[in-house]
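Colleague: At position 154 of the sequence shown (counting the first as 1) the number is 141 in the numbering used here, and the numbers step up by one without a gap. Glycine included, C-beta positions come from ideal geometry on N, C-alpha and C.
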Amino acid sequence: MPESHTMHAQQDNISRFTGVAPMPRRSRWIAAFFIACFALPSNAADTVLFDNLNDTQHPLGDVFITPNSLWAQSFRTTAIDSIVNAVSVKFYRGAGSTGSIAFEIWDLNSGDNKPLSPPARNVGTLDISTLSTDASNPTQVDFTTNISLNTSTDYYLVARIDSSLSGLVYWSRTDSQPSPGYSWYVTSSNDGGSSWDPTTTDPTNSQLMKITAVPEPSTYALGAIGTLVLGWLGRRRGRRTA
-12 MPESHTMHAQ QDNISRFTGV APMPRRSRWI AAFFIACFAL PSNAADTVLF DNLNDTQHPL
48 GDVFITPNSL WAQSFRTTAI DSIVNAVSVK FYRGAGSTGS IAFEIWDLNS GDNKPLSPPA
108 RNVGTLDIST LSTDASNPTQ VDFTTNISLN TSTDYYLVAR IDSSLSGLVY WSRTDSQPSP
168 GYSWYVTSSN DGGSSWDPTT TDPTNSQLMK ITAVPEPSTY ALGAIGTLVL GWLGRRRGRR
228 TA
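#1: How far does the beta strand (DSSP E) with residue 111 in it extend, from its first residue to its last?
#2: Under 7 Å: does the beta carbon of residue 104 sit that close to some heavy atom of the ligand SAM?
#3: Of all the options 61, 180, 50, which has the alpha carbon lying nearest to the alpha carbon of residue 161?
#4: Determine the contact status of residue 35 and residue 204, defining contact as a CB-CB distance below 8 Å.
#5: When burial is assigned at 16 or more other CB atoms within 10 Å of the CB, is residue 90 buried or exposed?
#6: Sort 117, 135, 110, 153 by Cα distance to residue 127 and report the nearest one.
#7: Three or more C-beta pairs closer than 8 Å, one from the segment 67 to 74 and one from the segment 172 to 187: is that the case here?
#8: Given residue 43, which residues of its chain have a CB within under 8 Å of its CB, disregarding the five upstream and five downstream residues?
#9: Which stretch, first to last residue, makes up the beta strand (DSSP E) that contains residue 125?
#10: Helix, strand or coil for residue 117 per DSSP?
#11: When you compare only the Cα positions, how much space is there between residue 153 and residue 82?
#12: Enumerate in chain order the residues of its own chain whose CB-to-CB distance from residue 158 is below 8 Å, with the five nearest sequence positions on each side excluded.
#13: Quick check: the Cα distance between residue 63 and residue 54, rounded to an integer number of angstroms?
#14: Taking residue 109 as the reference, give the member of 32, 136, 86, 97 with the closest Cα.
#15: For the candidate residues 199, 165, 150, 106, whose alpha-carbon lies nearest to that of residue 132?
#16: Since residue 158 sits in a beta bridge, which residues does DSSP pair it with?
#17: With DSSP run on the structure shown, which of helix, strand or coil describes residue 204?
#18: Could you tell me the boundaries of the beta strand (DSSP E) in which residue 174 lies?
#19: What residue range is occupied by the uninterrupted beta strand (DSSP E) comprising residue 87?
#20: Using the three-state DSSP reduction, which class does residue 64 fall into: helix, strand or coil?
#21: Would you please state the rounded distance, in angstroms, between the beta carbons of residue 172 and residue 191? I believe it to be under 8 Å.
#22: Apart from the five residues on each side of it in sequence, which residues of its chain come closer than 7 Å, Cβ to Cβ, to residue 165?
Following this line, the structure appears as structure tokens:
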């Protein structure tokens, strides 16, 4: 019996058993498309946008952060991966220090390469009292996010220090090249972001952090369409040559 006849017979048997009419072939393709669109993004592999998290720590370069100040490190999205799904940083504190740090993603102003807000996209908040007091062994803080950004675009990860900071807190820094290699910007503000210090463009002088991203679901939708169309054409070609 031809394969198509066998398939129809199986569907008839299922229909008689369940009492549900078999789904038309076109509807099956549509259903398969939507399943593929929603299933594929969950299997997306993370792409590293910036990573120097485990590089050698600069012995004298750690950033001393004061109350009500902002420190910013830039990164760049790729041509495909633009949903930031994870952010990690390394900080330590002086003994007895308390307060909080809010992490945000800001746009980069192409005119002067400084942070531009709004919008300030919230990443998460760090409780300073949970940090290590050992400068040689800073605490790695991990955030899970779902922040959609533009592709092939520069942004800043901004650490906003609360005015209630008591004591000392430091953002660990490295003197080695971050991966992927790029001329990253580092800057700071002492007036809530209204003005920023001149940017540092030395790629071997950057804050310890890691940022990963995955593609927009629309990217996978296009891939799913292509896969389904190719499969459909293959079945038609097979029937014609049978």
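Modeller: A quick look at the data gives this:
#1: 102 to 114
#2: This structure lacks the ligand SAM; in fact it carries no ligand of any kind.
#3: 50
#4: no
#5: buried
#6: 117
#7: no
#8: 161, 162, 163
#9: No beta strand (DSSP E) holds residue 125; DSSP gives it neither H nor E.
#10: helix
#11: 10 Å
#12: 49, 50, 52, 58, 76, 77, 78, 146, 194, 195
#13: 28 Å
#14: 136
#15: 199
#16: 50, 78
#17: helix
#18: 173 to 176
#19: 87 to 95
#20: coil
#21: Their Cβ separation, rounded to whole angstroms, is 13 Å, which puts residue 172 and residue 191 out of contact at 8 Å.
#22: 37, 38, 39, 171, 190, 193
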